Each structure stands twice: as C-alpha cells, then as structure tokens.
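Residue numbers (numbering that gives the first Met the number 0), protein chains in the order written: chain C, 0 to 404; chain H, 0 to 399. Think of the CB as a built atom: it goes at the ideal place given N, C-alpha and C, for glycine as much as any other residue. Note that the structure is a prediction, hence the values are computed from the model and not measured.
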Amino acid sequence: MGGQISLAEQYRRSGKRARRTTFMLVLPLLAFLVVSFVLPIGSMLMRSFDDSTVADILPRTAAALRSWDGKGRPPFSAYSALADDLSRANRTGQIGKVATRMNFERAGMRSLIIKTAREARGFVPPYAQAFNQVDLQWSDPEVWGALRHASAVATSGYYVSALDQTRKADGTWVPKPEEEQIYLTLFARTLVVAAGVTALCFLLGYPLAYYIAHLDERRRNLVLILVLLPFWTSLLVRTTAWIALLQTNGVVNDVIASVAGEEARMALIHNMTGTIIAMTHILLPFMVLPTYSVMLSVPPALKRAAVSLGAPPWTAFWRVYFPMTLPGAAAGGLLVFILALGYYITPALVGGRTGQLISNMIEFHMKTSLNWGLAAALGGLLLAAVLVLYVFYARLVGMNRLRLG
Amino acid sequence: MGRTTTIIIAAAAAVVILAGVLLYMLGRGGEKAVNQLDAELTDMQLPDANGTAAAPAGAAGGKPLVVVSWGGAYTKSQVEAYHKPFEAKTGTKINSVDYNGGVAEIKAQVEAGNVTWDVVDMEIADAQRACDEGLLEKIDAGMLPAAPDGTPAIQDFVANGITPCAVTTILFSHIVAFDTTKFEAKVPSKLADFFDVKNFPGKRGMRKTSPKINLELALRADGVPGDKVYEVLGTKEGVDRAFRKLDTIKDHVIWWEAGAQPPQLLADGEVTMTTAYNGRIFDAMVMENKPFKIIWDGQLLELDVLGIVKGTKNLDKAMQFVAFATDTQRLADQAKWIAYGPARKSSLPLVGQHAEKGVDMKPHMPNSPENAANAIQIDFLWWADRQEELNQRWAAWLAK
C-alpha cells in the first residue's frame, strides 16, 4: 500500500526516538553542569580580561588616551577630559570604584585619584598645571600609562601581574622588582608538590591496593572500610588531626624526644613537610580505590600461567600483572594530581610559611584583596597549565585506557 | 552481580541528587516570590476576635533585621549589649549571622542584587574598601546621638571613628602576649623584647595574613617613634628596614591566621611569645586562668565598625540600629562582655565589671590612658593605597 513506511524509514525513526530518549535522560545533568559549572567558570574567566570599570566611569578620558601611544607626554585633550570625568564621577559617587581599580595597576593611585577628584571641579586651563598643583605625580607619564592600560575594555593587565611582570606606559613588559616576584615561584611549587604527592600516593597506594585485592573476601571488606573511613571524615578534621600529631609538642615528636632526647624534636608541620604529609594522606584513597578495583578484574590465572611458562615471580608481576593494572593506577594518579593542584585548605592550615600554594594566593585575592580580576587570571593560568599537562598525559598513557573500576 | 547492582543504585542516587540540586537552583527564583509573600503575610495585620487589627511584635517590628558579625564571644557581647535592648525597645527581631570577615560576600550580594544582610560588623579597612566600591550605604553622622553631657557624636568618637559609610563600635588591639611560666628570670616588658630571641628565647607567633601590623611592629621595635611609622614606611628604605628587622626572627616564627590560634599556640607551648588580639588573650587569662601576660607597649589599635549593605530593604531600621548600638551606654555595656575598648570617649568612664567573672574591665581596655601610652592607630587609608604592592612583597618574603 502507498501509506506503508519502508523498513529503513522505520529503523531510522526508532533510532531517532532512542537518541531523543537518551538525550532527555542526560538533559538534567547537562543543564546542571551548564548552570553550576560552565557559566560560573566562564564568567570568572571573563573577569580576568574584561574589565570596563575605567572605560565606563571615565569615558572621555578613555577616548582621549586611545589616540596616545604611551610615549612622551599624554595629549592635552586627555587632561581636560580627565578633569571633567573625575569631577562627574566624584559627584555620582563612583570615584571609589575607579580609585580601587587603578590601585591594582599602580600603588598610590587610589589616594591620588580621590584627592584629585575632590578638586577637579575647580580646575581651569591650563589643565596640566592644575593637575600638577594637586599632586606632582601627574607629571609622571607612567601614571597616565596606567590609566591608558586600564581604560582599554579588554585588559591583559591581570595576566601581566599574574606572570610577575608590569607594564610601562608604552606597553612593554618588564619584570617586577625581585622582592615582589611571587606567582611564578608559586606556580612551579604547586606543580612540584602535586607531582610529589602523586608519586607518594602511588608508592604507598599501589602496594596497599595489591594487598587488599589479594585478601579473602571477608577481610577485604574490613580493610576497605579502614581505607574508606578517613575518606568519609571531614577534611578539616583530618587536617587538624595532623596538627595534633605533628606539632613540636605533638605525639610524634614526643615519641622522638623520648627515644633520642629533647634536641631531636623536628619541625614536621607548618612547613612544606606538613603540607606534603597531610595532602598525601587525604588524597591516598583516590589512588587506592581505582587501582584496587582494576586489580580485582585481573584474572589470577594469568599470573599463574606466566609462572608456569617459566617466568620468575618478579617478571610475572612486572611483565604481566603490572601492565594490566596500570590503567587503574594512571587514573588514580590523574585524580590525585588534579585535586592536589587546587588544594588550599590543607596548605593554609598546615603549610605555615613555606608550604603555601598558588591556590592560597587565589583565595587571598578572592576574599581579602577583592582583586577578582587577578584571582581569575591566576585561576585561568592554572587551568591552562592543567589542560596542557592533561594533553601530555593523554599522549603518554592513552586516555581510552584509563579505568576507574 | 552484586557489584553491578551497587553501581546502578549509586548512579541512580547521584542522578536524583543532581536533579534535586538543579530543581532547587531553578526554584530559587520562585523562592524569592515565596519570601515576599511570607513577608507580606507577616506584615499584614490580622484582625483578632473583636475584628480590630492586632499589632503583635511582628507587625511593630516587621521584617527581622539581619546583623552579621564575627561569631563567638564577640557576637555574644553584641547580642547582650545591642541586640537584646534594641529588640525590647523597638520590637524588631534581630537575626544574628556569623561570617569570617572580608568584603567578598557583601560584594557578591550587592552585585547579584540579592541583598540578604542588613548591618555588617567589619574591620575599618574593609569598610573603607567596600565604601569605595559602592557596596555600603552612606551614614549621616548627624543622626548619631550626642554624649550624655551634650558633646556631639563627631567629637565624642575616637579619631577616624566616623567615616562616610561606617560608625566605629570598638577598638581592638594587636599586642604581644607571653607565657609567664617560660620567663622566670628575665621577664619581657617592651615590644623590642619580642624581637630579642637571645635574651628571651623561644618561638614567636605572628599573623601571616598580611604585612599590616607586622611591618609597623617591626619598625616600632626598631626604634621608630609612633608618629613617624607611616612616614618611614612610605619610603623604599623604610620598607626594607622593616623587612630586615623581621628577617632577624624569621626562623623563629610560627605563623597564625585565625584569632583563636595564638592563645592555643601559647597554651600548647608551641611558642613562648606571640602577637595576638588583646580580647583573645583576655579570655585565656581571665576566663580560663592561663598564665599569660600582655605587653601593652607599642600596641597597634584598630577600629571595628558597623556598616549597612547597599540596597538593603530594611534601610530605616538598619540606620536606627546603628545609631542605637553606638550610643554611649550600649558601647559601655559591651565592655562587660569582652575586653575591647568602646569607641566613644564618654563610654570609657562607664565601663564596669565583667558580667560573669566580676573582673574590673578598665585595666583591660586597650584605649585606657595607661595602656594606650605608647599606642598608635593603624592608618587604614595609608594601607588602602599601599596594600597591593606590600601584600605581594609580603607573600614573596614569606615564601622565601
């Protein structure tokens, strides 16, 4: 009959229906991820280069400085425009925002802008002189350079700061004075700590997973609970427990002192040692669990077969068993490494002076200095570093081989 | 078989939780409407049995006022001294909320247009910054009550006590405290002793969070007179000098961040001397009978203020609360509960005894004339200008 639908068409339709059902099933998760993950992170990253505070509040100045190349003196039009903009911003109460924003670019700009804005209404030509009468800093082209950089709608200034650099009026980058350089050191330290913690977790976690996987079923569950119990305990509790254990008059040092005398007490916490010990302990389950569950899936017969073919036990382990468990250990390693990169509560509590990581600076700029742009730039750089490392890791291990269980 | 079932159950649970969170987030918009309805219902005057409109406390007070502060003993002192009498006087209910300081939460609320905090207790430097960024309402100093003897509020408050967006309630102090049992032969008595590890051995506790306090203490210990501190710090050489002084004890310092830590470090024997907030040491000494002593020499005074979050729907009541809480009697009452100094000069003579321990509180006030002899006030406006570069240098110095 004419109305009959061909088999191919029926097949196509049912496939379409199945796909639609699948999509509907993942839709809640997709929507959740967009709302709670993609949007906040996207808007945070936007803040690292999109800052129109100065361009919005001082529009005429921004326009006047756009034509200036940052060399020599700023154009005369910039002076009159700034006088005008400042007195208006002072009237509308928005001057504080500009002042705060400018102080991120250059120390001392906050009071300079607020002081000048108070006087700006009475300025008469020649404006350059009027500015210099309020404060001689206005004769420094670098002050105008800072204004020019900040009045661009898209600014690279936060990334420049995040890389321990600063910009001259004409846009060239120069390193900050040595005593103010900090972020690159912290980035490097964060990567080293994360790699070190991952290595320690592997060294401690792999044998443990092997041990658990080879226990009989009843004992296995008991030992697994021992691994999971700290995992279910609050992060803060576990971290503070380490303080009680490791401090100068803590349990560990008391034992050391009773054996080797009072002088043998060691600084185990409030430094890098403390950070690494506490982080390794906290992240260990992330290594043990995937490794263990992959080990369970390796048939014991394979190793026996290798031995029966003449391999000594070590060769049977190294050539047959280990490669088959590597996907689990590699997945665990990736989990631990990425979690370690973003750790901040543990280093904040037990890191003291030398155990601080880049995430502690990000937290500082989010919560204390309110320099969200710089926090976003630091976060963006960290994210970029993770992505680059991830690509290398994927090449090295092969992402399709990773297994969590 | 059992494993597959577990995985399916876990996956199902995860999906249910995710869906729940999602629905909750989508529902937040609806929640606002519900809140509003709720508020309207509370405000509505329900007729009683006689048909006349009853005026219960809810109607007289309306929406509760949300007052945010630091929690613990400090919030308790405010609840006793400000909240309870204010509730009794006006019928407005006060919801007390705790936070950890900083401006981030206020900024997030104002930028999202969803202001749920009304009055916030903050450090003056934070209040200044929030004011600059337009996150706080302007407060008219004219509405603050005069002292009992008629002195206008502006003259009654300590220097810098009233700023465009904030009114000071108390002065707290950064002091050096030590464990008396650790120094029996030679007892430290002045700020410089803190930097003298040869004559006064032992670890030191210092605040890690910022260069503020530490740089000033270093310069004062190095012999810079109080009125010259910020002048010296204003130069590169002055900053270098402060860091050099800090270098001399860098290897002896255990760094703390939260105010509860220094008394704990002293009690645990981790340090023999530490910088601390005077109120925390008072608590340890008086409430817990710890053998600690405060060195008032060279103390740094800082102001704690009340500010009103921009865009609050409770503006009139918030203003009323700020004026009430900062009057002479209320500030004096607060000192019964905590060892922080009242910001009004007229409150100081009214300070009496501790409400629970009966200790005379006047000798514990940081701004009492004896204690404040060699004190300076931290210059928050100076710090507002210099904090970016100095914070960075501080972080770099710490990390080395």
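Chain order gives the chain H residues near Lys366 (chain C) as Gly101, Ala103, where near means a beta carbon separation below 7 Å.
For the pair Ala152 (chain H) and Pro144 (chain H), the CB atoms are nearer than the 8 Å cut-off. Boundaries of the alpha helix (DSSP H) harbouring Gln9 (chain C): 6-32, taken from the DSSP string. CA-to-CA, the gap between Val196 (chain H) and Ile248 (chain H) works out to about 7 Å. Taking 9 Å as the upper bound on Cβ-Cβ separation, chain C lies near residues Leu380, Trp381, Ala383, Asp384, Arg385, Gln386, Glu387, Glu388, Leu389, Asn390 of the segment 378-390 of chain H.
Contact note: Arg240 (chain H) does not reach chain C at a C-beta cutoff of 9 Å; the least C-beta distance is about 13 Å.
For Gly273 (chain C), no Cβ of chain H is located within less than 8 Å of the residue's own Cβ. Residue pairing by DSSP places His173 (chain H) opposite H:Tyr276, H:Leu299 in a beta bridge.
For Ala62 (chain C), the nearest beta carbon of chain H is not closer than 8 Å to its own beta carbon. For Gly107 (chain C), the chain H residues whose C-beta falls within less than 8 Å of its own C-beta are Asp384, Arg385, listed in chain order. Counting only residues of its own chain and dropping the five nearest sequence neighbours on each side, Thr345 (chain C) has a CB closer than 6 Å to the CB of Thr238, Ala277, Met278.
Of all alpha-carbon atoms in C:Leu223, C:Ala263, C:Trp231, the one lying nearest the alpha-carbon of Pro289 (chain C) is that of C:Leu223. Every unbroken stretch of the alpha helix (DSSP H) spanning 4 or more residues and falling wholly within the segment 275-350 of chain H is given here in chain order: 277-281, 314-324, 327-333. Leu135 (chain H) is bridged by DSSP to H:Val308. Between His269 (chain C) and chain H, the shortest Cβ-Cβ separation is below 8 Å. By the rule that beta-carbons nearer than 8 Å mark a contact, Ile181 (chain C) touches chain H.
Sequence-distant partners of Ala383 (chain H) (beyond 5 residues in either direction) whose C-beta falls short of 8 Å from its own C-beta, in its chain, are Ala124, Gln127, Arg128, Asp131.
Between Thr99 (chain C) and Gly101 (chain H), the C-beta gap is not smaller than 8 Å, which leaves the two residues out of contact. In terms of CA proximity to Thr179 (chain H), H:Ile280 leads the group H:Val109, H:Val308, H:Ile280. Under the three-state reduction of DSSP, Ile161 (chain H) is assigned to strand. At a cut-off of 8 Å between beta-carbon atoms, Asp315 (chain H) makes no contact with chain C.
For Met360 (chain C), the neighbours in chain H by C-beta distance under 8 Å run, in chain order, Ala394. Assignment of Ser68 (chain H) by DSSP, reduced to helix, strand and coil, places it in the strand class.
Taking a Cβ-Cβ threshold of 7 Å, none of the residues of chain C is close to Asp246 (chain H); the smallest such distance is about 12 Å. Proximity to Arg59 (chain C) across C:Gly41, C:Arg46, C:Tyr78 peaks at C:Tyr78, based on C-alpha coordinates. In the DSSP assignment, Asn94 (chain H) falls within the unbroken beta strand (DSSP E) covering 93-97. By the neighbour-count criterion, in which 16 or more other beta carbons inside 10 Å mark a residue as buried, Gln3 (chain C) falls on the exposed side.
In this structure, the beta-carbon distance from Lys335 (chain H) to Ala317 (chain H) does not fall below 8 Å.
Rounded to whole angstroms, the Cβ separation of His173 (chain H) and Ile212 (chain H) is 5 Å, and the two are in contact under 8 Å.
When DSSP reads this structure, Glu122 (chain H) sits in a beta bridge with H:Asp303. Secondary structure note for Gln128 (chain C): it is in no beta strand (DSSP E), and the uninterrupted alpha helix (DSSP H) holding it is 126-133. Here the C-alpha atom of Arg219 (chain H) lies approximately 26 Å from the C-alpha atom of Glu177 (chain C).
In its chain, beyond the 5 residues on either side, Ile337, Leu340 have a beta carbon closer than 8 Å to the beta carbon of Val385 (chain C). Within the model, the alpha-carbon separation for Leu265 (chain H) versus Ile242 (chain C) is close to 15 Å.
Assignment of Ile377 (chain H) by DSSP, reduced to helix, strand and coil, places it in the coil class.
Counting every other CB atom within 10 Å of its CB across the protein chains shown gives Tyr10 (chain C) a total below 16, marking it as exposed.
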